[in-house]
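Step one of this worksheet: look at the structure below.
In the UniProt record's numbering, the protein residues as written are 1 to 296.
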């Protein structure tokens, strides 16, 4: 199995006629993804690589039964694009755009949650269930070189580190059930702990790896879920960014959310908290396959 997406997922691409939308759509089609519709207002009736373009998401969903939406939309239009996809009935949404206005992000997240939809992002390169489906640009032109099917779930605050972790597993003969780049913005559609909850319930995921950074409460929530017994499967944690502790607080490094406001936001504090809760805190990618092999 996998979480969020699989070989049956039917996808609509909002902003499909833009450069990034076209590029990623082509790569997804090459991977075998069922991209059944695109949406660009005023461009209805056109097609992109054989994918029909509609003026509205509601019309696209009604005619193609799409259930997942990928958004390639400028920051100022993302909130309304999320509203439109949610109103049309899409239950998985991937919002690739970064640096959303906080008010817009909060409203978009609230709308998705109210509808029971899983909004991935903001500032994400995608989700992949290897050999089944991928949405977004995750994996690039050759996902098979990085993402091998397997039984380890990956949740990362960095798109690049989703690939690095999955590649490390692949080199060791292991693979991934689903890899989620959850997004690097301050506000994200779902928390790291919520994704781990999906993996916890997935009978074909045996262990999870999370990649964390300074800033946000994500890692603290994971620690609490492990401590409370809500997460029982093994969790490995790679937490980067200790170098930030040598700089003044209030500066972002890399992702906008990677900011230290207080001691609890530091990589050092997060590593300690996760270790005390029972997570397996690793210092390098090479450790991951060895630790997993000893646990499952």
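Each residue gets a CB set at the ideal place from its N, CA and C atoms; glycine is no exception. This structure is a prediction, so every number in the text was calculated from the model and none was measured.
Is it the case that the stretch 199-207 contacts the stretch 248-263, given that we only count it when at least three CB pairs across the two stretches are under 8 Å?
no
Return the first residue and the last residue of the beta strand (DSSP E) that residue 134 is part of.
Run containing residue 134: 133-136, per the beta strand (DSSP E) assignment.
Relative to the C-alpha of residue 279, which candidate in 211, 248 and 266 has its C-alpha closest?
211
Where residue 148 sits in the DSSP three-state scheme:
coil
Is the beta carbon of residue 47 within less than 7 Å of some heavy atom of the ligand NAP?
In the structure on display, the ligand NAP does not appear, and there are no ligands present to speak of.
From the DSSP output, in three-state form, read off residue 82 for me.
helix
Residue 108 to residue 50 span [Cα, whole Å]
30 Å
Quick one: give me the first and last residue of the alpha helix (DSSP H) that residue 31 is part of.
19-31
Mapping the DSSP letters down to three states, classify residue 75 as helix, strand or coil.
helix
Could you check which residue in 86, 157 and 18 has the C-alpha nearest to that of residue 115?
Per the Cα distances, 86.
With a CB to CB cut of under 6 Å and the five nearest residues on each side skipped, what residues in its chain are close to residue 18?
72
Taking Cβ positions, are residue 104 and residue 79 nearer each other than 8 Å?
yes
Can you pull the DSSP bridge partners for residue 212?
BP columns for residue 212 point to 239.
Pop quiz: residue 96 and residue 124 are said to be a contact at Cβ under 8 Å. What is the actual Cβ separation, rounded to whole angstroms?
6 Å
Buried/exposed call for residue 203, threshold 16 Cβ in 10 Å:
exposed
Return the chain-ordered list of same chain residues with a C-beta closer than 8 Å to the C-beta of residue 192, the five sequence neighbours on each side being excluded.
For residue 192, where only same-chain residues beyond five positions count, the Cβ hits under 8 Å are 155, 157, 182, 210, 212, 218, 219, 221 and 222.
In terms of alpha-carbon separation, which member of 277, 243 and 264 lies closest to residue 224?
277
Identified DSSP bridge partners for residue 93
Residue 93 is bridged to 69 and 119.
Kindly indicate which residue of 168, 128, 118 and 176 has the alpha-carbon position closest to the one of residue 149.
176
Do the CB positions of residue 169 and residue 234 come within less than 8 Å of each other?
Residue 234 sits away from residue 169, with the two beta carbons spaced by 8 Å or more.
Could you check which residue in 24, 264 and 284 has the C-alpha nearest to that of residue 249?
Per the Cα distances, 264.
Short of 6 Å in beta carbon distance, which residues of its chain neighbour residue 21, apart from the five on each side in sequence? Order them along the chain.
13, 15 and 72
What is the DSSP secondary structure of residue 52, counted as helix, strand or coil?
strand
Roughly how many angstroms separate the alpha carbons of residue 134 and residue 128, rounded to a whole number?
4 Å
Within 8 Å of any Cβ in chain C, is that where the Cβ of residue 63 sits?
No chain C is present in this structure, which holds just one protein chain.
For residue 87, the three-state DSSP class (helix, strand or coil)
helix
What's the gap between the Cα of residue 284 and the Cα of residue 194?
Going from the Cα of residue 284 to the Cα of residue 194 covers about 25 Å.
Given this structure, state the Cα-to-Cα distance separating residue 162 from residue 122, to the nearest angstrom.
Their backbone Cα atoms lie some 15 Å apart in a straight line.
At 4 residues or longer, and completely inside the stretch 237-277: list those alpha helix (DSSP H) runs for me, N to C.
267-277
Got a sec, what are the start and stop residues for the alpha helix (DSSP H) residue 290 sits in?
287-295
In terms of alpha-carbon separation, which member of 82, 81 and 88 lies closest to residue 67?
Out of 82, 81 and 88, 88 has the C-alpha closest to the C-alpha of residue 67.
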